Every structure is written in C-alpha cells, then in structure tokens.
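Colleague: Counting from 1 along the sequence shown, just add 6 to a position and that's the residue number in my numbering.
Quick one: structure below, then a few questions.
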Amino acid sequence: MNALEYVVERSIVIRARREEVFRYFTDSERFAAWWGAGSRIEPHPGGAVLIRYPNAVTASGQVIELTAPERVVFTYGYDGQGPAISPGGSRVTVTLTSEPEGTRVHLRHEVPSAAVRDEHVQGWRYQMAVFANVVSRERHAQEAAHADRFFAIWNEKDPARRRSELAGIAAESLVFLDGFSCTQGIEDLADHIGAAQFHMPGMEIRRHGDLRSCQGTALCDWTARGPDGGEKARGSEVFDFGADGRIVRVVGLWHPG
7 MNALEYVVER SIVIRARREE VFRYFTDSER FAAWWGAGSR IEPHPGGAVL IRYPNAVTAS
67 GQVIELTAPE RVVFTYGYDG QGPAISPGGS RVTVTLTSEP EGTRVHLRHE VPSAAVRDEH
127 VQGWRYQMAV FANVVSRERH AQEAAHADRF FAIWNEKDPA RRRSELAGIA AESLVFLDGF
187 SCTQGIEDLA DHIGAAQFHM PGMEIRRHGD LRSCQGTALC DWTARGPDGG EKARGSEVFD
247 FGADGRIVRV VGLWHPG
C-alpha cells in the first residue's frame with residue numbers, strides 16, 4: 007500500500023446502542039442494506055470486503071482489525087471504475103463510542119492523494135447519512151406503534167394504567183411540550199393527561215395519516231374528536247426516540263383554526 011498521507015474524517019451520532027450499530031460490520035445482510043445489494047463483509051482479520059454501489063461501481067478490500075463492539079479497520083479501493091484507488095489502496099477506520107444519546111460513529115479514511123481525499127468528502131457525508139438512516143430504521147421500527155400507544159394514553163381514564171402504559175413506551179425522564187404544558191417525567195405527564203380529560207371531557211385523540219421519520223425523530227399528525235364524533239382540533243407531534251427505542255421527548259404543535 008502506498009503512503010496514505012491524506013485523510014477524510016466524519017463523526018455522527020446514531021440513536022442506537024453500540025452493539026446494534028457494530029453488527030452492520032459483522033452481518034453481510036446488514037452491510038448490504040447500507041451499501042447496496044450484493045455487498046458483503048467477512049467479519050474477521052483477513053476477511054474480504056466487497057461493496058456494490060447501486061450505480062454498479064464496485065469496491066473491494068480486506069478486514070485488518072475487528073474489535074467488537076468498538077472498532078473495525080479495512081482496506082478499500084475501486085475495481086477499475088471509480089476514483090484512482092486500486093483495490094485495497096486506502097484504509098478505513100471506524101470507531102464506535104457509547105454516548106447518552108446513542109453511539110458516536112467516527113470514520114477516518116486514509117487515502118494517497120489530496121485529489122482522492124477531496125473526491126470522497128461528499129461521498130462519505132452521504133454514506134454516513136445513509137448508514138444512520140439504515141440503522142435507525144431497524145432500531146426504531148416500532149415508531150408508529152409507539153406513537154399510536156402514546157395517543158391512546160390520552161384517552162385512558164385510569165391513572166395507574168396511564169402511568170403503566172407510558173412506562174412501556176417512554177423514558178422515565180420523558181419531556182412533553184406543547185401550547186398548554188411543559189412536563190418533565192412520566193408521572194408529571196400522566197397527571198397532566200388526567201387534568202386535560204377533566205377540562206376537555208370526552209375528547210379522543212388519534213393519529214391521522216402516516217408517520218414520517220428520520221434517524222430517530224418522527225413526525226405525525228393527529229385529530230381530536232369530541233363525544234359527538236366531530237373534529238374539535240388537529241395538530242402534529244414530533245417524537246424523539248432514544249437509543250433503546252423509547253420516546254424521550256415529544257413536542258406538540260396545534261394547527262390553527
């Protein structure tokens with residue numbers, strides 16, 4: 007390998023546990039979900055790395071180091087169609103560190119020239135976003151179900167059951183903010199929901215339409231209907247999910263009119 011004097015570095019945080027992020031470097035099916043169908047990685051020193059991009063460009067290399075669940079190092083280069091790096095002609099180091107919000111993924115790509123470095127800056131910016139989205143979709147596959155349960159809790163009359171249901175989907179320190187409340191913790195929100203039922207008796211809240219999500223944050227619309235079934239209010243809710251998949255923060259936005 008030629009001297010690798012130039013470096014591209016990227017660092018992102020993914021809202022998933024470190025072990026969950028690391029398995030994308032030990033499971034070829036997950037590795038391919040990131041890079042493209044047909045990509046694969048052999049998870050041991052000396053193992054082959056093959057990347058098949060959606061545009062049919064391929065890259066290959068070899069695993070140099072694999073230390074679960076914190077570090078993977080592999081060589082990387084193109085099979086004649088891409089920038090001027092021969093197969094195995096550069097080195098990629100990925101380090102995973104646990105943080106309160108999830109896992110920090112630090113990538114360091116050592117390359118042989120300034121031109122190659124510059125060609126890869128936007129590529130890695132894009133690929134790290136793709137990686138974050140792929141991991142998040144798996145980690146937070148229950149987002150819609152959790153949102154539906156959250157709305158259903160606003161219709162629950164029993165205080166103990168409200169608290170129990172919230173504990174099943176949310177962090178103990180859950181923050182809820184909207185135009186009528188600023189609560190901290192499950193107990194506080196459960197009591198606030200009871201007060202809302204007292205002041206707006208018979209109201210029922212349901213999700214309206216599909217949930218949209220990106221990297222552990224989800225947005226969905228809701229409607230509130232009165233005892234007569236007529237629509238009384240509508241709005242949107244922004245959910246933030248933690249590394250364990252639980253809701254950690256909700257911001258409610260009431261629509262005008």
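All residues carry an ideal CB built from backbone N, CA and C; glycine is no exception.
A quick note: this is a predicted structure, and the numbers were derived from the prediction, not measured.
(1) Candidates V27, M209, T73: which alpha carbon is nearest N161's?
(2) If you follow the alpha helix (DSSP H) that V140 is part of, which residue opens it and which one closes it?
(3) Checking the sheet assignment: what are the DSSP bridge partners for S66?
(4) I'd like to confirm the pairing. Which residues does DSSP put opposite H50 in its beta bridges?
(5) Output the residue ranges of the beta strand (DSSP E) runs that lie fully inside the segment 159-241 and measure 3 residues or longer, sorted by chain position.
(6) Give a yes or no on contact between the segment 10-18 and the segment 116-123, applying the rule of three or more CB pairs nearer than 8 angstroms.
(7) May I ask you to list the residues that DSSP assigns as paired with T73?
(8) Check this for me: beta carbons of H214 and T229, under 8 angstroms apart or not?
(9) Output the boundary residues of the alpha helix (DSSP H) element that contains R114.
(10) Applying the criterion that 16 or more other CB atoms from any shown protein chain within 10 Å of the CB defines a buried residue, is Y132 buried or exposed?
(11) If contact is defined by three or more beta carbon pairs under 8 angstroms, each pair taking one atom from either stretch, is the segment 180-195 in contact with the segment 246-258?
(12) With H, G and I counted as helix, E and B as strand and the rest as coil, what does DSSP make of R96?
(13) Quick check: E116 and S92, are their CB atoms within less than 8 angstroms of each other?
(14) Starting from E15 and walking both ways along the alpha helix (DSSP H), at which residues does that stretch end?
(15) If you pair each beta-carbon of the segment 191-205 with each one of the segment 219-237, do three or more pairs fall below 8 angstroms?
(16) Return the chain-ordered list of same chain residues with a C-beta closer than 6 angstroms to the C-beta of V244, the five sequence neighbours on each side being excluded.
(17) So for R36, helix, strand or coil by DSSP?
(18) To the nearest angstrom, report how far apart L102 and H112 are at their CA atoms.
Modeller: On the basis of the coordinates in this document:
(1) Position 155 of the sequence shown, counted from the first residue, corresponds to residue 161. Of the candidates V27, M209, T73, the residue whose Cα lies closest to the Cα of N161 is M209.
(2) The residue you call residue 140 lines up with position 134 of the sequence shown. 120-145 is the span of the alpha helix (DSSP H), which, as asked, contains V140.
(3) On the sequence shown, residue 66 is found 60 positions in, with the first residue counted as 1. Looking at the DSSP assignment, S66 forms a beta bridge with L56, G83.
(4) Taking the sequence shown and counting its residues from 1, the one referred to as residue 50 is at position 44. Beta-bridge pairing by DSSP links H50 to no other residue.
(5) Counting only runs of 3+ residues, the beta strand (DSSP E) found wholly inside the segment 159-241 occupies 176-184, 187-190, 210-220, 223-231, in chain order.
(6) The segment 10-18 vs the segment 116-123: in contact.
(7) Within the sequence shown, residue 73 is the residue found at index 67, counting from 1. DSSP lists R77 as partners of T73.
(8) Taking the first residue of the sequence shown as 1, we reach residue 214 at position 208. Taking the first residue of the sequence shown as 1, we reach residue 229 at position 223. Yes, they are a contact pair.
(9) Locating residue 114 in the sequence shown gives position 108, counting from the first residue. Premise fails: R114 lies in the beta strand (DSSP E), 108-117, not in any alpha helix (DSSP H).
(10) By 1-based counting over the sequence shown, the position of residue 132 is 126. That one is exposed.
(11) Output reads yes: the segment 180-195 touches the segment 246-258.
(12) Here residue 96 is taken as the residue at index 90 of the sequence shown, counted from 1. A small fix is needed here, since residue 96 is Ser in this sequence, not Arg. DSSP places S96 within a strand segment (E or B) once states are collapsed to three.
(13) Here residue 116 corresponds to residue number 110 of the sequence shown, with the count starting at 1. Here residue 92 corresponds to residue number 86 of the sequence shown, with the count starting at 1. Going by C-beta atoms, E116 is not nearer than 8 angstroms to S92.
(14) For this step, residue 15 is matched to residue 9 along the sequence shown. No alpha helix (DSSP H) holds E15; the beta strand (DSSP E) holding it covers 12-20.
(15) By the Cβ criterion, the segment 191-205 is not in contact with the segment 219-237, since fewer than three pairs of Cβ atoms, one from each stretch, lie closer than 8 angstroms.
(16) Taking the first residue of the sequence shown as position 1, residue 244 is located at position 238. Result list for V244: L225, V257, in chain order.
(17) Within the sequence shown, residue 36 is the residue found at index 30, counting from 1. If DSSP states are grouped into helix, strand and coil, R36 belongs with the helices.
(18) Along the sequence shown, read from residue 1 onward, the residue named residue 102 stands at position 96. Along the sequence shown, read from residue 1 onward, the residue named residue 112 stands at position 106. Per the coordinates, the alpha-carbon of L102 lies some 7 angstroms from the alpha-carbon of H112.
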